[in-house]
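What follows is a single structure, written as structure tokens, with notes after it.
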């Protein structure tokens, strides 16, 4: 019995390391931007569009706010509104995961489990828009404002297509001050 418990414990720990990506440093699934400055990236971002996912199902007016924690990690606060008017907030943490100057972070909302957060396109001069990918199932178009000009949006969609994403599946997120524009995309 003791041998079975020991083997089960080892299997559980190995499984957790596998699931959390703690098996060693790995390359992100997409090439992150270079010349990345975390300090400039901190602050509030509006979610302009996303690939549908279960943890953001039906959310509108979605924002992500990044701030530096005392331990050097990044505090991540995602929030949005449900159709019934309820406001949802999720607090997580992120850490830089790539080489210095790369837009590659690992984000966690669930204990030791981290997921890739790869900034694959960024307005490097003013940090006004970003395209973030994580595996082939997760993609976000972010902006510092509730709306993004059409030309920039099209450029980000083109970049997403070049990376293999089906942009026809993107959900354009209604934002309080841009719902009419979002409906027309």
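Residue numbers (the working numbering): 542 to 726.
Yeah, the Cβ is synthetic: ideal placement off N, Cα and C, and Gly gets one too.
Discussion item. Considering only their Cβ atoms, is the gap separating residue 615 from residue 634 smaller than 8 Å?
Written reply: Counted from its first residue, the chain shown places residue 634 at position 93. Counted from its first residue, the chain shown places residue 615 at position 74. In this structure, the beta-carbon distance from residue 634 to residue 615 falls below 8 Å.
Worksheet item: Which runs of the beta strand (DSSP E) spanning at least 3 residues fall entirely within the region 642 to 717, listed in chain order?
Response: Within the region 642 to 717, the complete beta strand (DSSP E) runs of at least 3 residues are 645 to 651, 654 to 663, 670 to 675, 679 to 684.
Fill in: Rounded Cβ spacing between residue 674 and residue 704 (contact assumed at less than 8 Å)
Position 133 of the chain shown holds residue 674. Position 163 of the chain shown holds residue 704. Contact flag correct, Cβ pair sits at about 6 Å.
Worksheet item: Of all the alpha helix (DSSP H) runs that stay within the bounds of the region 560 to 603, which reach a length of 4 or more residues?
Response: Taking only runs of at least 4 residues, the alpha helix (DSSP H) segments lying wholly in the region 560 to 603 are 579 to 582.
Discussion item. If you reduce the DSSP assignment to three classes, tell me which class residue 621 lands in.
Written reply: Within the chain shown, the letter at position 80 stands for residue 621. It is a strand residue.
Worksheet item: Measuring CB to CB, does residue 657 end up less than 8 Å from residue 715?
Response: Reading the chain shown from its first residue, position 116 is the one you call residue 657. Reading the chain shown from its first residue, position 174 is the one you call residue 715. No, the Cβ-Cβ distance between residue 657 and residue 715 is not below 8 Å.
Practice prompt. Alpha carbon to alpha carbon, how far is residue 645 from residue 565? Give it in angstroms, no decimals.
Written response: For the purposes of this step, residue 565 is identified with residue 24 of the chain shown, where counting begins at 1. For the purposes of this step, residue 645 is identified with residue 104 of the chain shown, where counting begins at 1. A caution first: residue 565 carries a pLDDT of 46, below 50, which makes its placement in the model too unreliable to give a value.
Worksheet item: What are the residues that DSSP puts in a beta bridge with residue 636?
Response: Sequence index remark: in the chain shown, residue 636 carries index 95 (1-based). Beta-bridge analysis with DSSP links residue 636 to 647.
Worksheet item: If you count every other CB in all the chains shown that lies within 10 Å of the CB of residue 610, and 16 or more means buried, which is it?
Response: The count along the chain shown starts at 1 and reaches residue 610 at position 69. Of the other Cβ atoms in all chains shown, fewer than 16 fall within 10 Å of the Cβ of residue 610; this residue is therefore exposed.
Worksheet item: Are the region 636 to 654 and the region 688 to 699 touching, with three or more C-beta to C-beta distances below 8 Å?
Response: Between the region 636 to 654 and the region 688 to 699, the count of C-beta pairs closer than 8 Å stays below three; the two stretches do not touch.
Worksheet item: In the structure shown, what three-state DSSP assignment does residue 548 receive?
Response: Numbered from its first residue, the chain shown carries residue 548 at position 7. Per-residue confidence for residue 548 stands at a pLDDT of 33, beneath the threshold of 50, marking its modelled position as unreliable; the derived number appears in the next sentence. If DSSP states are grouped into helix, strand and coil, residue 548 belongs with the helices.
Item to complete: Assign residue 632 to buried or exposed, taking buried as 16 or more other Cβ atoms, counted over all protein chains shown, within 10 Å of its Cβ.
Response: Start at 1 with the first residue of the chain shown, and residue 632 comes out as number 91. Taking every protein chain shown into account, the CB of residue 632 has fewer than 16 other CB atoms within 10 angstroms, so this residue is exposed.
Worksheet entry | Rounded separation between residue 636 and residue 619 - CA only | Locating residue 636 in the chain shown gives position 95, counting from the first residue. Locating residue 619 in the chain shown gives position 78, counting from the first residue. Taking the CA atoms as reference points, residue 636 sits about 16 Å from residue 619.
Item to complete: From the DSSP output, in three-state form, read off residue 610 for me.
Response: On the chain shown, position 69 is the one that residue 610 refers to. Residue state, collapsed to three classes: coil.
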